[in-house]
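Per the UniProt record's numbering, the sequence shown starts with residue 1, numbered consecutively.
Idealized CB from N, CA, C, for every residue including glycine.
Given the structure is predicted, the values throughout are model-derived calculations rather than measurements.
So the structure is just underneath, and the comments pick up after that.
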Amino acid sequence: GQEAANLASNLARTCQFKHDYINDKNGKQFGQNIASKMSTQSSNARDTFNLWMKDMVKGWFDEVKLYTFGSGYSKSTGHYTQMVWGNNNKLGCGYSYFKTHYKGREYNAGYLVCNYKPGGNVQGQSKPYKEGKGSCTASNLETSKQYPHLCIRKKK
Numbered sequence: 001g002q003e004a005a006n007l008a009s010n011l012a013r014t015c016q017f018k019h020d021y022i023n024d025k026n027g028k029q030f031g032q033n034i035a036s037k038m039s040t041q042s043s044n045a046r047d048t049f050n051l052w053m054k055d056m057v058k059g060w061f062d063e064v065k066l067y068t069f070g071s072g073y074s075k076s077t078g079h080y081t082q083m084v085w086g087n088n089n090k091l092g093c094g095y096s097y098f099k100t101h102y103k104g105r106e107y108n109a110g111y112l113v114c115n116y117k118p119g120g121n122v123q124g125q126s127k128p129y130k131e132g133k134g135s136c137t138a139s140n141l142e143t144s145k146q147y148p149h150l151c152i153r154k155k156k
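Here it is in structure tokens:
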């Protein structure tokens, strides 16, 4: 949603690589993934956005290789589980591109922030999904065409 995107953009514009643990206007905490990438090669923001965004999101999703289905949040798979958390229904991202210095060298840096609502990786919820028995329609859901063993919300 727009609120999630605005808050993500605000954090990305700080150029400070850290989570900000923000709440929505109702006091509920957002889930959040952050990623950054740096290069000494000169290029423009649009080119790096297209290349780096894909790499950063893929890096989060590739944690699936470390995920044990049936388990919940772990530090090594937290980006992945946040992305696929079953209750997520809003997503907003922000990106900034800037010059920075690290160990005496100048770098071009990209910083991606994505906020998820409601936040996943919730303490007390052991899995990012609910295991169901029976058909999707019994739970007022429909079967995903792309992932046939997954129930999804019906499209309006």
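Check                                                                                      : Outcome
Buried/exposed call for residue 30, threshold 16 Cβ in 10 Å                                : buried
As assigned by DSSP and simplified to three states, the class of residue 149               : coil
Beta strand (DSSP E) segment containing residue 113, residue limits                        : 105 to 117
Three-way DSSP call (helix, strand, coil) for residue 26 in this model                     : coil
Three-state secondary structure (DSSP) of residue 78                                       : helix
Residue 49, DSSP secondary structure in three states                                       : helix
Bridge partner(s) assigned by DSSP for residue 38                                          : 109
Assigned exposure category for residue 7 - 16 Cβ within 10 Å defines buried                : buried
When 64, 66, 81, 65 are compared against residue 72, the one with the closest alpha-carbon : 81
Minimum C-alpha distance to residue 57 - residue among 86, 155, 110, 99                    : 110
First and last residue of the uninterrupted beta strand (DSSP E) at residue 141            : 141 to 143
Proximity of residue 113 and residue 12 at Cβ, strictly below 7 Å                          : yes
N-terminal and C-terminal residue of the alpha helix (DSSP H) that residue 169 is part of  : This structure does not reach residue 169, given that the chain is present from 1 up to 156, and the question cannot be answered.
CB-CB length for residue 28 against residue 3, believed under 8 Å                          : About 11 Å; that fails the 8 Å criterion.
Segment limits, alpha helix (DSSP H) that includes residue 14                              : 2 to 14
Distance CB(residue 116)-CB(residue 141) smaller than 7 Å                                  : no
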